[in-house]
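Please read the structure below before turning to the comments.
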Amino acid sequence: MAQAGPPAGIVVLRHGRREDSMNPEWQQQARWPWDTPLCATETEIAEAVARMQGNGLTRFDVVYTSPFLRCLETAERILGALGCGDVPVLIHRGLSEVHNPGLLFKAHGRPTMAQRARLWLWRSTYPRHSRPVRERFGVKARLVRESAWPPLPESEFAAAQRYSQVIMQLAAKHAGQQVLVVSHGKAVQVAHEAMGCSGRVLQVSFAGFIACRAKPDRKSRDGGDSSRKGRDGKDASHKGPDGGRRSADGSQAPAVTRIWSGGRSGGGGVTWGSLELDPGMPYFMVDVIQGSSPDMM
1 MAQAGPPAGI VVLRHGRRED SMNPEWQQQA RWPWDTPLCA TETEIAEAVA
51 RMQGNGLTRF DVVYTSPFLR CLETAERILG ALGCGDVPVL IHRGLSEVHN
101 PGLLFKAHGR PTMAQRARLW LWRSTYPRHS RPVRERFGVK ARLVRESAWP
151 PLPESEFAAA QRYSQVIMQL AAKHAGQQVL VVSHGKAVQV AHEAMGCSGR
201 VLQVSFAGFI ACRAKPDRKS RDGGDSSRKG RDGKDASHKG PDGGRRSADG
251 SQAPAVTRIW SGGRSGGGGV TWGSLELDPG MPYFMVDVIQ GSSPDMM
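In full-length UniProt numbering, the protein residues as written are 1 to 297.
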């Protein structure tokens, strides 16, 4: 029987730099224009891994990824850089890109019948055409059988609810473990807002991430200041002159105010309210403006 409780830590990360950001003509020639691979010259993933390692995070127990190729390739590069090829990689359809026609097809309005048909073909043949990249992992990446594709079209609001629910469901399965979720920019924004962090996410850059951890239990909070220490045991709160927390690069870290974190349970008593920002590395390559209330949900 699986242990109940939140994971020790969970990192929600956006994929690395996509090919069409450097080569706009790629989509015009691609069979699946929405399923962009990573750019061969991207450097952001290595920077993200360096930030993790610099804060003592050198291994994950499990990786969940969006089915989109750029996310699988991001997970592959992260595990390769960390040297942990034996980590299980699970592909969850619920971590997919927002199914907005403007994002998938670069089109306005409702998707055409031709666009729907091409997307249906991509999704229905996914187990077969994704096999080569899935077999590149040390342990072949597997599809989460019970996961479902998002509807088309999908609103930003519906996608935010989907990400929030799916991430909590995954977190509840891995009590005491380190979990990596590789998805899309919206998922990182949702994680920030779901914990009730102050401020508003303006942009999530390629390979940007937010790092969460299980909130210390009452005993550890009452017995000392261990809740403010990083993985190396040192004080990692990075307080600035204004009293606010700062990340390791000196940028202002959001204060935790718990706006709507009480619900959206993933099972086993795990909710967004049972997590908090990791004070050692709250987020990386995520632009947050302070003094604004989240308005996404």
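The beta carbon of each residue, even a glycine, is placed where N, CA and C say it ideally should be.
Residue i - containing alpha helix (DSSP H), residue span
{"i": "aspartate 61", "result": "Neither: aspartate 61 is in no alpha helix (DSSP H) and is coded neither H nor E."}
{"i": "phenylalanine 157", "result": "156 to 171"}
{"i": "glutamate 47", "result": "44 to 54"}
{"i": "valine 133", "result": "131 to 134"}
{"i": "residue 302", "result": "Residue 302 lies beyond the stretch modelled for the chain, which goes from 1 to 297, so this question has no answer here."}
{"i": "threonine 123", "result": "Before going on, a small fix: residue 123 reads as arginine here, not threonine. From DSSP, the alpha helix (DSSP H) with arginine 123 extends over 113 to 124."}
{"i": "methionine 22", "result": "19 to 22"}
From the options, residue whose alpha carbon lies closest to that of residue i
{"i": "arginine 14", "options": "Phe284, Gln290, Ile289 and Val288", "result": "Phe284"}
{"i": "isoleucine 210", "options": "Gly102, Ser155, Glu25 and Ile167", "result": "Ile167"}
{"i": "proline 157", "options": "Val133, Ala46 and Ala187", "result": "In the sequence as presented, proline is not what sits at residue 157; that position holds phenylalanine. Taking only the C-alpha atoms, the option nearest phenylalanine 157 is Ala187."}
{"i": "valine 204", "options": "Ile10, Cys39, Ser183 and Ala214", "result": "Ser183"}
{"i": "threonine 154", "options": "His129, Ser124, Arg116 and Ser130", "result": "Note that residue 154 corresponds to glutamate in the displayed sequence, not to threonine. Glutamate 154 has its Cα closest to that of Arg116, out of His129, Ser124, Arg116 and Ser130."}
{"i": "alanine 50", "options": "Ser147, Gln165, Gly5 and Ala81", "result": "Ala81"}
{"i": "serine 21", "options": "Pro282, Arg70, Pro7 and Asn55", "result": "Arg70"}
{"i": "valine 11", "options": "Pro282, Ile289 and Val288", "result": "Pro282"}
{"i": "glutamine 27", "options": "Ala107, Leu72 and Gly196", "result": "Ala107"}
{"i": "methionine 195", "options": "Lys173, Gln165 and Thr43", "result": "Gln165"}
{"i": "glutamate 73", "options": "Val133, Ala160 and Ser147", "result": "Val133"}
{"i": "proline 67", "options": "Arg17, Gln53 and Ser96", "result": "Ser96"}
{"i": "valine 181", "options": "Trp32, Thr41, Leu79 and Pro127", "result": "Leu79"}
{"i": "serine 147", "options": "Gln169, Pro88 and Pro33", "result": "Gln169"}
{"i": "proline 88", "options": "His174, Cys197 and Gly273", "result": "His174"}
{"i": "aspartate 86", "options": "Val139, Gly16 and Trp32", "result": "Val139"}
{"i": "glycine 280", "options": "Arg128, Leu57 and Gly16", "result": "Leu57"}
Residues near residue i in its chain [Cβ-Cβ closer than 7 Å; skip 5 each side]
{"i": "arginine 162", "result": "Gly94 and Pro150"}
{"i": "glutamate 76", "result": "Arg136 and Phe137"}
{"i": "aspartate 278", "result": "Gly9, Ala211, Cys212 and Arg213"}
{"i": "tyrosine 126", "result": "Pro67"}
Nonlocal neighbours in the same chain, by C-beta distance under 8 Å from residue i, ignoring five residues either side
{"i": "leucine 90", "result": "Val62, Val63, Tyr64, Thr65, Ala141, Arg142, Leu143 and Val144"}
{"i": "alanine 114", "result": "none"}
{"i": "valine 286", "result": "Val188, His192, Val201, Gln203, Val204, Ser205, Gly208, Phe209 and Ile210"}
{"i": "proline 111", "result": "Pro101, Leu104, Phe105, Leu119, Leu152 and Pro153"}
{"i": "alanine 171", "result": "Pro6, Pro7, Ile10, Val179, Gly266, Val270 and Leu275"}
{"i": "alanine 159", "result": "Val98, His99, Asn100, Pro150 and Lys186"}
{"i": "glutamine 53", "result": "Leu82"}
{"i": "lysine 219", "result": "Note that lysine 219 has pLDDT 49, beneath the 50 cutoff, so the model's placement of it is unreliable and the number below is only indicative. If we look at lysine 219 and ignore the five residues flanking it on each side, it has no Cβ neighbours."}
{"i": "glycine 109", "result": "Pro101"}
Residue i: first and last residue of the uninterrupted beta strand (DSSP E) it sits in
{"i": "cysteine 71", "result": "It is not in any beta strand (DSSP E) - cysteine 71 instead sits in the alpha helix (DSSP H) that spans 69 to 82."}
{"i": "arginine 14", "result": "9 to 14"}
{"i": "valine 181", "result": "178 to 183"}
Short CB-CB distance (under 8 Å) between residue i and chain D
{"i": "serine 66", "result": "Here chain D cannot be found, since the structure has a single protein chain."}
Residues bridged to residue i [DSSP beta-bridge criterion]
{"i": "glutamine 203", "result": "Asp287"}
{"i": "alanine 214", "result": "Leu275"}
{"i": "leucine 90", "result": "Tyr64 and Arg142"}
{"i": "cysteine 39", "result": "According to DSSP, which records beta bridges pairwise, cysteine 39 is partnered with nothing at all."}
{"i": "phenylalanine 105", "result": "Partner(s): none; phenylalanine 105 has no beta bridge."}
Residues of its chain near residue i, where Cβ-Cβ distance is below 6 Å and the 5 sequence neighbours each way are ignored
{"i": "glycine 176", "result": "Ala8"}
{"i": "glutamate 19", "result": "Trp26, Thr36, Pro37 and Cys39"}
{"i": "serine 130", "result": "none"}
{"i": "valine 190", "result": "Ala160, Tyr163 and Ser164"}
{"i": "residue 301", "result": "Only positions 1 to 297 of the chain appear in this structure, which leaves residue 301 out of reach."}
{"i": "glutamate 44", "result": "Gly16, Arg17, Phe206 and Ala207"}
Cβ separation of residue i and residue j, assumed to be a contact under 8 Å, to the nearest whole Å
{"i": "isoleucine 289", "j": "glycine 199", "result": "6 Å"}
{"i": "cysteine 84", "j": "arginine 123", "result": "The Cβ separation is near 30 Å, so there is no contact."}
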